[in-house]
Amino acid sequence: EAGVAQSPRYKIIEKRQSVAFWCNPISGHATLYWYQQILGQGPKLLIQFQNNGVVDDSQLPKDRFSAERLKGVDSTLKIQPAKLEDSAVYLCASSLAGLSSYNEQFFGPGTRLTVL
Amino acid sequence: TQLLEQSPQFLSIQEGENLTVYCNSSSVFSSLQWYRQEPGEGPVLLVTVVTGGEVKKLKRLTFQFGDARKDSSLHITAAQPGDTGLYLCAGDTTGGFKTIFGAGTRLFVKA
Chain A
-7 EAGVAQSPRY
3 KIIEKRQSVA
13 FWCNPISGHA
23 TLYWYQQILG
33 QGPKLLIQFQ
43 NNGVVDDSQL
53 PKDRFSAERL
63 KGVDSTLKIQ
73 PAKLEDSAVY
83 LCASSLAGLS
93 SYNEQFFGPG
103 TRLTVL
Chain B
10 TQLLEQSPQF
20 LSIQEGENLT
30 VYCNSSSVFS
40 SLQWYRQEPG
50 EGPVLLVTVV
60 TGGEVKKLKR
70 LTFQFGDARK
80 DSSLHITAAQ
90 PGDTGLYLCA
100 GDTTGGFKTI
110 FGAGTRLFVK
120 A
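If you're matching them up, the sequences are chains A and B in order.
Here the first sequence is numbered in this note's numbering, starting from -7 and rising by one per residue.
Here the second sequence is numbered in this note's numbering, starting from 10 and rising by one per residue.
See below:
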């Protein structure tokens, strides 16, 4: 079974530039998550999709971050414009669970973003 | 705001030693997962505990869910260098679909 795919693996940009990350979840997984993980910390949820609908985006900085999941499969996360504090690893995860009791998540390798 | 606190934040031990990592909250969770993350990779699921008081074993790793489903522990027996990594606990909110991650315990096992 193929895992969660993410690209690119690494990205270096200057502040105020734009960047986009792509995620392809495990086939059949209805729920998709984007996390931000700053060095030395645990993952922080940015947005959670159930199929192509947003379930939780309460911690997404909506003035600069946007995400979409067209057709309920692949997803993209965009930052525009980037700030220095956006330097982090962006993790995508997917799970079978919908509105069920536990959400075992499968993570991609992440995209390491460096903002200079 | 629901929080999961993990302790210790960092642990450096010799190969062969035993260790316990804790995950605590004032909130009740319907289930809790433990993940291990190695540098440059995403977290990998180790186990899910669902029932209060539940104990699960995975080779040298023993996971326990507190009776009240507010806390959990991970015990590693005879640690090996391959156990090195960031251990994360994640709790699922009761009746919902939200997962809260702890900040992690970074374990380093020296040969």
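Even glycine gets a Cβ: it sits at the ideal position worked out from N, Cα and C.
Inset, instruction - Could you have a look at Lys75 (chain A) and say whether DSSP puts it in helix, strand or coil? - result: Start at 1 with the first residue of the first sequence, and residue 75 (chain A) comes out as number 83. Lys75 (chain A): coil per DSSP, three-state reduction.
Inset, instruction - On a CA-only basis, which of A:Arg1, A:Ala74, A:Ser19 is nearest Ser58 (chain A)? Give me that one, please. - result: The residue you call residue 58 (chain A) lines up with position 66 of the first sequence. Ser58 (chain A) has its Cα closest to that of A:Ala74, out of A:Arg1, A:Ala74, A:Ser19.
Inset, instruction - Measuring only between beta-carbons, confirm whether Ala87 (chain B) sits less than 7 angstroms from chain A. - result: Counting from 1 along the second sequence, the entry for residue 87 (chain B) is found at position 78. Not closer than 7 angstroms to any Cβ of chain A, the Cβ of Ala87 (chain B) fails to qualify, so no.
Inset, instruction - Sort A:Lys36, A:Leu52, A:Glu60, A:Ile71 by Cα distance to Gly45 (chain A) and report the nearest one. - result: Along the first sequence, read from residue 1 onward, the residue named residue 45 (chain A) stands at position 53. For Gly45 (chain A), the nearest C-alpha among the options comes from A:Glu60.
Inset, instruction - Quick one: list the residues of chain B neighbouring Phe99 (chain A), beta-carbon separation under 9 angstroms, in chain order. - result: Numbered from 1 along the first sequence, position 107 holds the residue referred to as residue 99 (chain A). The contacting residues are Tyr44, Gln46, Glu50, Gly51, Pro52, Val53, Leu54.
Inset, instruction - Examine the Cβ distances between the stretch 2 to 10 of chain A and the stretch 94 to 106 of chain A and report whether three or more of them are shorter than 8 angstroms. - result: yes
Inset, instruction - Could you spell out the range, first to last residue, of the beta strand (DSSP E) harbouring Gly61 (chain B)? - result: One-based indexing of the second sequence puts residue 61 (chain B) at position 52. Unbroken run through Gly61 (chain B): none, as it is neither H nor E.
Inset, instruction - Measure the C-alpha to C-alpha separation of Trp121 (chain B) and Leu95 (chain B) and round it to an integer number of angstroms. - result: No information on residue 121 (chain B) is available, as it lies outside the stretch 10 to 120 that chain B covers here.
Inset, instruction - With DSSP as the reference, label Asp49 (chain A) as helix, strand or coil. - result: The count along the first sequence starts at 1 and reaches residue 49 (chain A) at position 57. Coil, per DSSP.
Legend entry - chain A contacts made by the stretch 97 to 111 of chain B, where a contact means CB separation under 8 angstroms: Leu97, Ala99, Asp101, Gly105, Phe106, Lys107, Thr108, Phe110, Gly111
Inset, instruction - Can you tell me which of the three DSSP states Ser93 (chain A) falls into? - result: Working through the first sequence from its first residue, we reach residue 93 (chain A) at position 101. Low local confidence applies: a pLDDT of 49 at Ser93 (chain A) is under 50, so the model's placement there is unreliable, with the coordinate-based value given in what follows. Coil, per DSSP.
Legend entry - Proximity to Val81 (chain A) [Cα-Cα], best of A:Leu31, A:Gln51, A:Ile71: The sequence position of residue 81 (chain A) within the first sequence is 89, counting from 1. When only C-alpha atoms are compared, the closest one is A:Leu31.
Inset, instruction - Output, in chain order, the set of chain B residues within a Cβ distance shorter than 9 angstroms of Asp109 (chain A). - result: Outside the displayed span of chain A (-7 to 108) sits residue 109 (chain A), for which this structure offers no information.
Legend entry - CB contact flag (Asn27 (chain B), Thr86 (chain B), <7 angstroms): Counting from 1 along the second sequence, the entry for residue 27 (chain B) is found at position 18. Counting from 1 along the second sequence, the entry for residue 86 (chain B) is found at position 77. Yes, the pair counts as a contact, with Cβ atoms nearer than the cut-off.
Inset, instruction - Tell me whether the beta-carbon of Thr103 (chain B) lies closer than 7 angstroms to the beta-carbon of Val30 (chain B). - result: Looking up residue 103 (chain B) in the second sequence gives position 94. Looking up residue 30 (chain B) in the second sequence gives position 21. No; because the gap between Cβ atoms is not below 7 angstroms, this pair is not in contact.
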